[in-house]
Structure formats: C-alpha cells, structure tokens
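Contents: one structure, followed by commentary.
Chains as they are written, first to last, in the working numbering: chain A, 9 to 317; chain B, 121 to 648.
Structural data, given as structure tokens:
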C-alpha cells in the first residue's frame, strides 16, 4: 500500500490534523492525528469520539497507539458506512472537525499469568495496545488474530512484536489455521494454558469466546462497541445488559466481564439504525464514488433503501 | 352649570398646575436629581391590556423547527412596556434569580432607548435573549406584579424583545462590547451551560482570567442539546454566547473535565478556583422490563440527536433518529413536552402521546409548554403508569403495557399520590418510547475531585450563599446542586458562585486566609 508521510514543517500541526495515513487493507485505514492532550493521557482500552466533518456524526474509535513525543494518536477504522468513508477520504494535512478524549476506562492491566488476547478483524487494532501492556506487566501473552481472508488481516507484524506467541486464523485457510479464533482458543484452554482472556471483534465472535471460557471459568473481558452519541454518560445510547443490570459502555466500560454480557441484545441494538445507515451510505457513494478506489468493497455492492419507507 | 364646562374649568386649573410641576420637574431632571417621566399618564396606562404574543399557527409550526413565538413587534412592545407602573418598591426584582432591574429596563423601552434597556439587562444577566424565552416568568418576576390579576406586565416577552432586537442589530453592525483585560487570578469554569456562562461572564467583568471547558463540540450545554430550536433558535444561543466570548471569556470545547483535563492539570496550570456547572446529564430510566429495546430512548439521547446533531435534517446531517409513526413520551415536565413536540415535527410521525401517572394539575411543565403541546395535537394520557415495554423478536419496541391510576392521599411533595386501579392494565401500541422522567448529575466531573461532598441523590453539597463546595477552591451551581431544574435557576446560582469565588480569591489575595483553606462563613457573608 502507498504511504503518505507528514511533510517536515516548522509550525506545529493544528489540533485534529492528520499527520500520517496508510491503508492496512482494502477498507481499513490507519491515521495519526495531532491531539497532544489525548496523546499524553490515553491509556490502553480508552477511546476518542470524533466528527470528521461539520454536521457529521460523533463516532467512537479506540486509541490504538499514543505518541506523546510528537503529540499524535493512532486511530484505525474500517470503512463501513458514510462517516468512516468520509473520514477515509481525509488526507495528511486535513483536520478532523472535532476530537475529544480520552474517554472510557483503561483496561485493567495487571499480572494474570498466561493471557490470551483474542482479536477478530478490526478488533486487532483495539487489542494491540492491550497486548503490549499485558506483556509489559509480566504476563505471557498469546495473541490469536483472525479474519475471513489473509488480505483482511491487519497489524500482524505489530501483534507479533508485542506477543509471546501469535496464532493466526482465516476462514478460508489462506493464512494460518483454517477456521475461527475460537478453535485455537479452545485448544489452549484444554491444555490448561490460559489464566485470563481479553477479546475484541465482531459481537458474535466475542459471544462464542465468552461461551467457551465460561464453561472453564476463565475470567474474560470483552471490549464492547455499541452505538454511542456523546460518549460521556449523558445519553444512554450505549447501554448494555449485564445479568439484568444496565451499564453504559462509555463510562462504565468499554471493557466488561464477558460472562455477564447479553451479547444477543447488543447485536440487535447495533442494528437499530441499519436502514438509516444504508440510506446515508447510498447517498454518499452516489455523490463521492470518484473518491473511492474501484476495488473498494462498498462500491461492488451498493444498496438502495429508504428508511422512511 | 354644565358638567363639561365645570370639568373644563377644573382642567384648566389643573393644566396650569401641571405645567408648573412639569417645568420644575424638568429642572430637577436636568440637574439629575429626578428620574425622567415618559409615556402615557398612569390612568391611560392602566387601560392597556396585556399584549398577546404572536405565534406561528399550530398546524403550520408542526411542519418546521422554526420559532413558535414570533416576538413582539416594536409598537406592541412599546404598548406593553407602558403597562409597567414603575412601582416604588418593585415586587418583580426580588423574584428574579438574575436580579435584573426590571422596571428600569422597561422604562428605557418606553423612552425608546433599546440600547439602554439592553445594557441594563446585560448588567445583571449574560443571557437575556435566552431567559426571555425559556424562564417560567409566571412563577417568578410576573407572579407578584401589581397587575397580576388583570394580567401581569409581560416582562419575559419584553426582555426577549429588547435582547433579540439588539442581537439582530449586532449582526448588521458589530457591537462595541467592552473587552475586559484580566488582572486577577485564573478561574476554570466546567460546563458551558447557563450556570457556567453566567458565572464566567460575571467573573470576567470582575477582572478574572476565565476559561470555560465544554465536553461537547459546541458551547451551550442544555441550551443546545436539550432545548429544541423552535423554543430557542440556535442563532440566538450562538449570538448570545458570542457576546460573552467578546467580553474576554475563553471557551474550550471537546474537553472533558476528569478525562481530557484533570483537577491536577488545572491547578498546575495556575487556576486558582474552579466552578462546576456540569448540569444534570445522567438520564433516568423507568426501571421496567424491556427498556433496552430498540426504539427506546432517554430524553437526553433523543433530544441530543435532534437538537445538537440535527437529526431532523437527516441525511443532510449525518446523525439519524428513528421515530416511526407513533411515539410515546413518559413524563410531564418541560423535557417531556420538548420530546413530544419534537416528535411531532419529525417526518412520518402521526401521533405523539404523553403518558403521565398523575393529572394535568400536577404536571411540572410550564403552563405555556403544556398549552403549546395541546395546540399542536399532542395526546395526553393522564393517570397512566407504564408497567412493561413489549418487544418483538428483533428487540424492537411494539407497545407499552400500562395501568390506570387514581389520585389518593397527598404524598411528601404535597401532591396527591397516584394509586394503581387493580385490573385496569392495558396496552398502547407504539414505535418509539422516550423516557423523560428526570435526570441526575453526571458523576464524571465530581468523581475526579477528591474530597468533594456529594449527597445520596448524587448532587454536590454547596453553601447556599457562596456556592462553595467542601473543597474550598471548588464552587458549583445549576442542576449539579439540585438535579434537573430551570435555566434561570442555573443563571442565579452562576451569579452567586461568581460572587463567592471573588470573595474567596479576594480574601486569599488580601492574606486573610490561605488558599485551599476552608473559609469561615462570616468571611463569606454577603454585603448586600
């Protein structure tokens, strides 16, 4: 993938300015954003809320890395809808409209022993700082990263660098083990090698990870990503059901005891605006098709729908 | 003798007498020892009726988000202003939390000096255009007006008239606002809602170096995320906040106190006092089964989506809001009315219902809000208590199971307690449910101040006069001290806090106390 680097300059970048950008896969983008206060404060597991453009949505993104020296943070996102696509069209030198953080609580990092870090798809970006911190705290870190195909895996080298062991799975077997992340996890657990599990990825994946570890009573945290608006506990859009108790992902999380989370409800709540998302996406693509590479998966099958029916 | 003749004779004498008096009065006025007398004689003034507020037609206005009230035209404002009798001991001023000199500003309207009227408003209240629109005047300044029986002077409408006239004028010719140069300590104001802005403006006038920290991307707090634009147009909020910015107050948006900046950061940067005005941003839920269904929103979420994120203009604005055809709002406060009325204006909505367990008489909303909601066709279901949210297999709300209530004995609030009528359960179908049953203070900011005393209800404990908290250099005001209240209440507490902070820092400067030490109550006593 082509890389664009920030040109040398005398003055500091503007707050929210993109200083670096590269594509990690056909629809996953890495940007570094100048936000010195956040860079100084953010800890593994915390996130920011940003608006790419005026009148844009507020979306949460995990801080994948901080660089307090030059005041930047790394954000990694998948282009799945209008907002992330629009964000993906911003280049080095452009600025985000707004960025606020760090929000949420840091992941509880301590010495557990053998820690399995289980990441699916974009979840790898969220797990990278956590795997690094877990290892620095003296844990033996086994990372399991999975994707549908080899070319959709992201940050493999980076994960390898921060883990003691790295296991790769792909649905089609194009790299690593053919299968899903829960297969090697089950084996590790059966061999008695796991004391603590932390996971991030598609909700369905986290649900199965939690099922496996619950049987064996292995403490497990899931980093959850429900729909958010303000990100400061004000609206309750991100509420979750933990054994009948309501929690807000933004202020109580984003990491929760995976054995208590109602993943089915979370999956359904994530679909609350699906018709609107399709409509916004369709509109954006019809106006901005030329800004996307022709092989972009969202161009291949654009959808038409009207939420007002 | 002919009666008219007699009268005319008397008038002639009177005229002479009056002319003499007027000449003397004019001399005194010129010498500055007497307030000028303007407008109609008192007798004529008493004949003027309270002037109604022109409004958009209810059927037209539910198709837009434009202001419902259109504001007094200048001639009507002048007429209404002349109703004020300029009492020697005005009852209105003590009832105004912002301490506005009401008769004085109304007198300036009568004189045709709107700049002067605006200056008087601004002297006590940084947000007159906003307060004119959203204050519950009927239970404040207008309540004990001498004319209350026949219709009190429409103080709120006059305030709105003056402030909006001036803000419009500022658009054409930018005002020469006094910019205050800070000569005193740095003060951090947390939250840019009405309490924070008021406190910041007052401190700025006193010479403090004030920065307001706001967590959202726009300043205004509840004014921008909570109150809909048809009650409070955005351009008025923006213009009014700009006047505060122009005075010299700095605003930093996208900054969450306790996350982006901590107490230690602020102290390190040399801030000597902190005002907490973070409001009541934590939504309450009903605590009934099914509340995590899709289509169930807290009032905060729903209003934030529509007001702050402009979901009413989706897809031109990116944030969506789903409402469907039939919306139920639970609660009967101002927020509930806002939810019900916003719903009506969204595309596709056919019916907007209010469900409330008591009756109209107990509803906490302003009378005008309920009236407006009724005019617009909001359907009220009084004496109705929600029991359970019915969901479909995809977690979407289908309906609300309720029970009928009747009023029993008065409870501790003095209102008659609603009691369920056994066997009266029934279901209302709906596509969306909005929870407007109250908010409490958001704990993020409070948690990050060690030693801050907090009540069981999650509000901050303050000294009622100085607004000082248990941490000497931290002051608080607005909803954070009481739970959800009104804009003007927040303005009043913001003013008190500014005075409290000034007294505290002055005492430190003068060496009477050490910074960080709790001040004695006597040292904080107000010198009225």
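Using N, Cα and C, we set each Cβ at its ideal position, and we do this for glycine too.
**OP:** Using a Cβ-Cβ cut-off of less than 8 Å, list which residues of the region 109-135 of chain A approach chain B; keep chain order.
**Re:** Those residues of the region 109-135 of chain A that come within reach of chain B (Cβ to Cβ, closer than 8 Å) are 109, 110, 111.
Original post:
Ends of the beta strand (DSSP E) at residue 108 of chain A?
Top reply: 106-111
Subject >> Cutoff 8 Å: residue 424 of chain B Cβ touching any chain A Cβ >> reply: yes
Original post:
From which residue to which residue does the beta strand (DSSP E) around residue 93 of chain A run?
Top reply: No beta strand (DSSP E) contains residue 93 of chain A, which is instead part of the alpha helix (DSSP H) from 90-96.
Original post:
Who are the near neighbours of residue 138 of chain A in its chain, counting only those whose CB is closer than 7 Å to its CB and skipping five residues on each side?
Top reply: 52, 53, 115, 125, 206
**OP:** Return the residue from the list A:40, A:170, A:130 that minimises the CA-CA distance to residue 213 of chain A.
**Re:** The residue with the shortest Cα to Cα distance from residue 213 of chain A is A:130.
Subject >> Residues, ordered as in the chain, of the region 214-235 of chain A that lie near chain B by beta-carbon distance below 9 Å >> reply: none
Subject >> residue 194 of chain A versus residue 264 of chain A: straight-line alpha-carbon distance, rounded >> reply: 21 Å
Original post:
With a Cβ-Cβ cutoff of 8 Å, do residue 393 of chain B and residue 564 of chain B count as a contact?
Top reply: no
Subject >> Chain-ordered chain B contacts of residue 249 of chain A [CB-CB under 7 Å] >> reply: 412
Subject >> chain A within 8 Å of residue 648 of chain B, Cβ atoms only >> reply: Because residue 648 of chain B sits at a pLDDT of 33, beneath the cut-off of 50, its placement in the model cannot be relied upon, and the point is left open.
**OP:** Pull up the CB-CB distance for residue 314 of chain B and residue 423 of chain B, whole angstroms please, since I reckon it's below 8 Å.
**Re:** About 16 Å separates the two Cβ atoms, so there is no contact after all.
Subject >> Reduced DSSP secondary structure (H/G/I, E/B, other) of residue 458 of chain B >> reply: helix
Subject >> Contact residues within the region 438-455 of chain B, judged by C-beta distance below 9 Å to chain C >> reply: The structure shown contains no chain C; its protein chains are A and B.
**OP:** Please state whether DSSP places residue 205 of chain A in a helix, a strand or coil.
**Re:** strand
**OP:** Report the neighbours of residue 380 of chain B on chain A: residues whose CB is nearer than 8 Å to its CB, in chain order.
**Re:** 45, 46, 49, 108, 109, 110
Original post:
On the premise that residue 556 of chain B lies in contact with residue 450 of chain B, defined as a C-beta separation below 8 Å, what is that separation, rounded to the nearest angstrom?
Top reply: Contact between residue 450 of chain B and residue 556 of chain B is confirmed by a C-beta separation of about 6 Å, below the 8 Å threshold.
Original post:
To which residues of the same chain is residue 204 of chain A closer than 6 Å at the C-beta, ignoring the five residues directly before and after it?
Top reply: Excluding sequence neighbours, residue 204 of chain A sits near 120, 123, 227.
**OP:** Taking residue 148 of chain A as part of the beta strand (DSSP E), name the residues at either end of that continuous run.
**Re:** 148-155
**OP:** Pick helix, strand or coil for residue 442 of chain B, following the three-state DSSP scheme.
**Re:** coil
Original post:
Could you give the C-beta distance for residue 189 of chain A and residue 154 of chain A, rounded to a whole number, given that I count them as a contact under 8 Å?
Top reply: 4 Å
Original post:
Applying a beta-carbon distance threshold of less than 7 Å, which residues of chain B neighbour residue 259 of chain A?
Top reply: 564
**OP:** Figure out for me which residue from A:66, A:302, A:186, A:86 has the closest Cα to the Cα of residue 438 of chain B.
**Re:** A:66
**OP:** Closer than 7 Å by beta-carbon distance: list the chain A residues that pair up with residue 435 of chain B, in chain order.
**Re:** 287, 288, 291
Original post:
How far does the alpha helix (DSSP H) with residue 164 of chain A in it reach, from first residue to last?
Top reply: 164-170
Subject >> Beta carbon proximity, residue 281 of chain A to chain B, threshold 8 Å >> reply: yes
**OP:** Check whether the Cβ of residue 337 of chain B lies closer than 8 Å to any Cβ atom in chain A.
**Re:** yes
Original post:
Should residue 587 of chain B go down as buried or exposed, given a rule of 16 or more other Cβ atoms within 10 Å for buried?
Top reply: buried
**OP:** Can you say whether residue 207 of chain B is buried or exposed, counting buried as having 16 or more other CB atoms within 10 angstroms of its CB?
**Re:** exposed
Original post:
Cβ-heavy atom distance between residue 517 of chain B and the ligand NAD below 7 Å?
Top reply: With respect to the ligand NAD, the structure shown offers nothing to examine, as it has no ligands at all.
Original post:
Hey, does residue 312 of chain B have any beta-carbon neighbour from chain A nearer than 8 Å?
Top reply: no
**OP:** Write down the C-beta distance between residue 252 of chain B and residue 276 of chain B rounded to the nearest angstrom, noting that I regard them as a contact closer than 8 Å.
**Re:** 5 Å
**OP:** With a floor of 4 residues, list each alpha helix (DSSP H) that falls wholly inside the region 321-396 of chain B, ordered by position along the chain.
**Re:** 342-345, 354-367, 383-388
**OP:** Rank B:486, B:205, B:187 by C-alpha distance to the C-alpha of residue 174 of chain B and give the top, closest one.
**Re:** B:187
**OP:** Can you pull the chain B residues whose beta carbon is under 7 Å from the beta carbon of residue 245 of chain A, in chain order?
**Re:** 421
**OP:** Kindly indicate which three-state DSSP category residue 516 of chain B falls into: helix, strand or coil?
**Re:** Shown here, residue 516 of chain B sits in a strand according to DSSP, grouped into three states.
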